[in-house]
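Respectively, the protein sequence lines represent chains A and B. Throughout, our numbering is defined as the position within the first sequence, counted from one, plus 248. Throughout, our numbering is defined as the position within the second sequence, counted from one, plus 16. The C-beta atom is built at its ideal place from N, Cα and C for all residues, glycine as well. Only a predicted model underlies this, so the values are computations on that prediction, with no experimental measurement involved.
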Amino acid sequence: MALKTIKIQCKSLGFRYGKKDILHNISHKFSSGSFCAILGRNGSGKTTFLHCLNGIHKPYTGEILINGNNSQFMSQREIAKSISIVAQEYMEIFPFKVLDVVVMGRAPFIGMTSVPDKKDYQLAINALTTLNAAKLANLNFNKISGGERQIAMLASALVQTNEIILLDEPTNHLDFNKKYLFLFKIKQLCKIKNTCVIASMHDPNLAMLFADSVILLNNGKIIDQGPTKKIMTKHNIDTLYKTDSAQIDISLTKKIFMPQSVLK
Amino acid sequence: MTLISQYSLKNNRKIIPILLIIFFILFLSSLMIGRFKISISILGTILSDIITGDTLSPDFVSQKLVFLWIRLPRCIMAVLVGMCLSVSGGVYQAMFRNPLVSPAVAMTISIARLISIKPIIVMVLAGMVVLSFFNALLMILKYFSDPYDELPSIVFWIMGSLTRVTWHDVFITLAVTSCGLLVFILLRFRLNILSLGDIQAKSLGINPFISRVILIVLSSFMVAMVVATCGQIAWLGLIIPHMARTLVGPKHETMIPVTALLGAIFMLAADVLARSMTTAEIPVGIITAITGAPIFCFLLYKNRGSGWL
Chain A
249 MALKTIKIQC KSLGFRYGKK DILHNISHKF SSGSFCAILG RNGSGKTTFL
299 HCLNGIHKPY TGEILINGNN SQFMSQREIA KSISIVAQEY MEIFPFKVLD
349 VVVMGRAPFI GMTSVPDKKD YQLAINALTT LNAAKLANLN FNKISGGERQ
399 IAMLASALVQ TNEIILLDEP TNHLDFNKKY LFLFKIKQLC KIKNTCVIAS
449 MHDPNLAMLF ADSVILLNNG KIIDQGPTKK IMTKHNIDTL YKTDSAQIDI
499 SLTKKIFMPQ SVLK
Chain B
17 MTLISQYSLK NNRKIIPILL IIFFILFLSS LMIGRFKISI SILGTILSDI
67 ITGDTLSPDF VSQKLVFLWI RLPRCIMAVL VGMCLSVSGG VYQAMFRNPL
117 VSPAVAMTIS IARLISIKPI IVMVLAGMVV LSFFNALLMI LKYFSDPYDE
167 LPSIVFWIMG SLTRVTWHDV FITLAVTSCG LLVFILLRFR LNILSLGDIQ
217 AKSLGINPFI SRVILIVLSS FMVAMVVATC GQIAWLGLII PHMARTLVGP
267 KHETMIPVTA LLGAIFMLAA DVLARSMTTA EIPVGIITAI TGAPIFCFLL
317 YKNRGSGWL
């Protein structure tokens, strides 16, 4: 069992967009080898939170410690060496090959004026192979399916770093089966490579299956946070989604939530 | 483990030597073709004379003058203009992630972009607005200009032409173009990343703002240089990068040199046509515009379904 260390710590983090408060007083410790899910309704600040963590947005108050270093004093490049992100969706890009997109993950390790060399491409191919997606390498990134794209982007994130990976609604474009497979892969990574995974998610049931800990976010404020089993209660789900939900027990350890209204 | 050798990393780099051969043949023939024909033997004599420093027999003096002061600077300028406009067009397209951005539109967008960051479609629209505004100013200028003296020169400038190129222009453009090309080639991998968009670039540890300022200032300077000496030469910045991408794919490692070569070839060919089709010279901007439109349509048709156009 690998040693658990704290990879990212945020201390009373706040973020403003103009005059609008998006995030308010968020404190949490993310440790290695654990999967943390961020749940919240649309517009609750999940994506903004992730973007604050990897330095895309600069926090308005508070601070973020990455491996114990204050991110305020780190360059974007340094941050990118330990944090990678799989974004929610990709705007159409030039018709790059998948391998070319994956190898771009090496950017923080490549000099300003150099290009990826054979070793970088080998790393990219290895990453695709570990995700059983080596066959995608020579395809046009714009022509593959949403699920394949998600896999390719995960490969790119892995090539960048497997210390901390942020996932922004990773199961958005995936079909029923792929959702589970994708999260299962992530969970494996988490355990094998001791990766710290932080994912914003829409489905509390998926979070319950895979996450070790959860953060419930409402209007940029934390309602509750902690180990999944403790936090995922009917009461919390009801407050978070402003609904009346029913808890359905599947087995002794597994349960799912569903809005009362559909059960009638 | 899958081996790297199973993948083709170099995107059709074979095409570069072929383009180089076409380029040299075209350059040599463009030195000979024109109102004032210079045969290949005379060209050889002139060239060897320049190299050895000998003086020519008197029959060749006029040929030598035409060659040295008109033909040669003009052909070199055609090469430079072609490279300059097409490469900076390619760089703009990568930075704005928009296939319809040509230097003319992007110059205005870039100013707006530096002030505040807005969605790219807004920028493109803003570019069109600013463009039409400046067109209106140009029309005012035309309306009030002296119809016998100033108006024709404005009109010719708008049409774009390489007729009045001097060595002085060539040297300045050469300096700017080589400087720009050098930077673009050095930053070739960064251009790939910038073309993914700002957020992606940032997560990959690249400050898109700084890279963008460097690239925009440089490419705008290159375009401004060419427009100031040769006027508006349409379509080049738009179609040549597309052509290059169709040939070798979007990776800037190969795409930038291929764009430069294609631009040079296209411009040389257009200029040869401009000065040899009719007895009076046709402004080269008209040639590029007439040939550019159908070529662009063809590229649109050919690249349909690649998910980007």
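Which value, in whole angstroms, describes the spacing of the CA atoms of A:LYS482 and A:LEU261? The count along the first sequence starts at 1 and reaches residue 482 of chain A at position 234. The count along the first sequence starts at 1 and reaches residue 261 of chain A at position 13. If you take the alpha carbons of A:LYS482 and A:LEU261, they lie about 28 Å apart.
Pull up the distance between the alpha-carbon of A:THR361 and that of A:SER499, whole angstroms please. Mapped onto the first sequence, residue 361 of chain A falls at position 113. Mapped onto the first sequence, residue 499 of chain A falls at position 251. Each residue's Cα considered, the two are about 57 Å apart.
Just checking: is the beta-carbon of A:PHE342 within a distance shorter than 8 Å of some beta-carbon in chain B? Against the first sequence, residue 342 of chain A aligns to sequence position 94. Yes, its Cβ sits closer than 8 Å to a Cβ of chain B.
Are the Cβ atoms of B:SER102 and B:PRO273 separated by less than 8 Å? What you label residue 102 of chain B is simply residue 86 of the second sequence in a count that begins at 1. What you label residue 273 of chain B is simply residue 257 of the second sequence in a count that begins at 1. Contact flag unset, no.
If we count Cβ pairs, one from each stretch, closer than 8 Å, do we get three or more for the region 390-408 of chain A versus the region 331-342 of chain A? yes
Since A:LEU376 and A:ILE333 are thought to touch, with beta carbons under 8 Å apart, how far apart are those beta carbons, to the nearest angstrom? For the purposes of this step, residue 376 of chain A is taken as residue 128 along the first sequence, with counting starting at 1. For the purposes of this step, residue 333 of chain A is taken as residue 85 along the first sequence, with counting starting at 1. No, A:LEU376 and A:ILE333 are not in contact; Cβ-Cβ is about 18 Å, not under 8 Å.
Residue of A:LEU511, A:SER282, A:GLY353 minimising C-alpha distance to B:LYS218: Against the second sequence, residue 218 of chain B aligns to sequence position 202. When each option's Cα is compared against that of B:LYS218, the closest is A:GLY353.
If contacts are defined as beta-carbon pairs under 8 Å, then B:SER292 and B:GLY50 qualify, I think. What distance do you get, rounded to the angstrom? Along the second sequence, read from residue 1 onward, the residue named residue 292 of chain B stands at position 276. Along the second sequence, read from residue 1 onward, the residue named residue 50 of chain B stands at position 34. About 6 Å separates the two Cβ atoms, so the contact holds.
Can you confirm whether A:ASN318, when its beta carbon is compared against all beta carbons of chain B, has any partner nearer than 8 Å? Here residue 318 of chain A is taken as the residue at index 70 of the first sequence, counted from 1. A:ASN318 does not count as touching chain B.
Mapping the DSSP letters down to three states, classify B:GLN248 as helix, strand or coil. As a working mapping, residue 248 of chain B is identified with position 232 in the second sequence. It is coil, neither helix nor strand.
For A:GLN336, which of helix, strand or coil comes out of DSSP? By 1-based counting over the first sequence, the position of residue 336 of chain A is 88. Secondary structure at A:GLN336: coil, using DSSP grouped into helix, strand and coil.
What residues from chain B crowd round A:ILE358, counting only those whose CB sits closer than 7 Å? By 1-based counting over the first sequence, the position of residue 358 of chain A is 110. Simply PHE205.
Who are the Cβ neighbours of B:PHE83 in its own chain at under 8 Å, not counting the five residues just before and after it? Here residue 83 of chain B refers to the residue found at position 67 of the second sequence. Result list for B:PHE83: LEU47, ILE54, LEU59, ILE62, in chain order.
Residue closest to B:PHE200, alpha-carbon to alpha-carbon, out of B:SER236, B:ILE311, B:VAL264, B:LEU315: In the second sequence, residue 200 of chain B corresponds to position 184, counting from 1. That would be B:SER236, whose Cα lies nearest to the Cα of B:PHE200.
For a contact meaning CB atoms closer than 7 Å, what does A:ASN302 contact in chain B? Along the first sequence, one-based indexing puts residue 302 of chain A at 54. Those within 7 Å of A:ASN302 in chain B are SER219.
What does DSSP give as the partner residue(s) for B:MET259 in the beta ladder? Taking the first residue of the second sequence as position 1, residue 259 of chain B is located at position 243. In DSSP, B:MET259 forms no bridge with anything.
Counting only beta-carbon atoms, is B:SER211 nearer than 8 Å to chain A? Here residue 211 of chain B is taken as the residue at index 195 of the second sequence, counted from 1. Closer than 8 Å: yes.
What are the boundary residues of the beta strand (DSSP E) that A:PRO507 is part of? Against the first sequence, residue 507 of chain A aligns to sequence position 259. From DSSP, the beta strand (DSSP E) with A:PRO507 extends over 503-507.
Roughly how many angstroms separate the alpha carbons of A:ILE314 and A:ILE270, rounded to a whole number? Position 66 of the first sequence, counting from 1, holds the residue named residue 314 of chain A. Position 22 of the first sequence, counting from 1, holds the residue named residue 270 of chain A. Going by the C-alpha atoms only, they are around 22 Å apart.
Out of curiosity, what's the CA-to-CA distance linking B:VAL242 and B:LEU197? Counting from 1 along the second sequence, the entry for residue 242 of chain B is found at position 226. Counting from 1 along the second sequence, the entry for residue 197 of chain B is found at position 181. Roughly 14 Å between the two C-alpha positions.
Relative to the C-alpha of B:ARG90, which candidate in B:ASP287, B:ARG320, B:ILE306 has its C-alpha closest? Within the second sequence, the letter at position 74 stands for residue 90 of chain B. If we check each option's Cα against that of B:ARG90, B:ASP287 comes out closest.
Residues near A:GLN257 in its chain [Cβ-Cβ closer than 6 Å; skip 5 each side]: If you number the first sequence from 1, residue 257 of chain A lands on position 9. So the qualifying residues of the chain are LYS277, LEU313.
Under a Cβ-count criterion, where at least 16 other Cβ atoms within 10 Å of its own Cβ denotes burial, should A:ASP368 be classed as buried or exposed? For the purposes of this step, residue 368 of chain A is taken as residue 120 along the first sequence, with counting starting at 1. Counting C-beta atoms within 10 angstroms of its own C-beta, A:ASP368 has 16 or more neighbours from the protein chains shown and is therefore classed as buried.
To the nearest angstrom, report how far apart B:ILE133 and B:PRO299 are at their CA atoms. Counting from 1 along the second sequence, the entry for residue 133 of chain B is found at position 117. Counting from 1 along the second sequence, the entry for residue 299 of chain B is found at position 283. Residue placement at B:ILE133 cannot be trusted, given a pLDDT of 49 that sits under 50; the coordinates are not used to answer.
Classify A:GLN257 as helix, strand or coil using the three-state DSSP reduction. In the first sequence, counting from the first residue as 1, residue 257 of chain A sits at position 9. Correct three-state label for A:GLN257: strand.
With DSSP run on the structure shown, which of helix, strand or coil describes A:PRO475? The residue labelled residue 475 of chain A in the question sits at position 227 within the first sequence. In the structure shown, A:PRO475 sits in a strand (DSSP, three-state: E or B).
Is any beta-carbon of chain B found at less than 8 Å from that of A:THR409? Reading the first sequence from its first residue, position 161 is the one you call residue 409 of chain A. It does not; no Cβ of chain B falls within 8 Å.
Excluding the 5 residues preceding and the 5 following A:SER493 in the sequence, name in chain order all residues of the same chain whose CB lies nearer than 7 Å to its CB. For this step, residue 493 of chain A is matched to residue 245 along the first sequence. Around A:SER493: LYS482, ILE485, ASP486, PHE505, MET506, PRO507, GLN508.
I'd like to confirm something about B:VAL107: is its beta-carbon nearer than 7 Å to some heavy atom of the ligand GTP, or not? For the structure depicted, the ligand GTP is absent and the ligand set is empty, with no information on it obtainable.
Beta-carbon proximity list for B:MET17, same chain, < 6 Å, skipping 5 on both sides: Here residue 17 of chain B refers to the residue found at position 1 of the second sequence. Per-residue confidence for B:MET17 stands at a pLDDT of 49, beneath the threshold of 50, marking its modelled position as unreliable; the derived number appears in the next sentence. Answer for B:MET17: no residue qualifies.
Consider the Cβ of B:LYS318: report whether some Cβ of chain A lies at a distance smaller than 8 Å. Here residue 318 of chain B refers to the residue found at position 302 of the second sequence. No, B:LYS318 does not count as interfacial toward chain A.
Can you check which of these residues, B:GLU269, B:GLU297, B:HIS268, B:THR304, is closest to B:LEU284 by C-alpha distance? Start at 1 with the first residue of the second sequence, and residue 284 of chain B comes out as number 268. B:LEU284 has its Cα closest to that of B:THR304, out of B:GLU269, B:GLU297, B:HIS268, B:THR304.
By the criterion of Cβ-Cβ separation under 8 Å, what are the contact partners of B:ARG261 in chain A? If you number the second sequence from 1, residue 261 of chain B lands on position 245. Those are PHE342, PRO343, listed as they occur along chain A.
Reference A:PRO475; option with closest CA among A:ASN466, A:LEU457, A:ASN380: The count along the first sequence starts at 1 and reaches residue 475 of chain A at position 227. Residue A:LEU457 is the option with its Cα nearest to A:PRO475.
With 16 other CB atoms within 10 Å as the buried threshold, where does B:GLY69 fall? In the second sequence, the residue the question calls residue 69 of chain B occupies position 53. So B:GLY69 counts as exposed.
Go ahead and pull the three-state DSSP assignment for A:ASN386. For this step, residue 386 of chain A is matched to residue 138 along the first sequence. Residue state, collapsed to three classes: coil.
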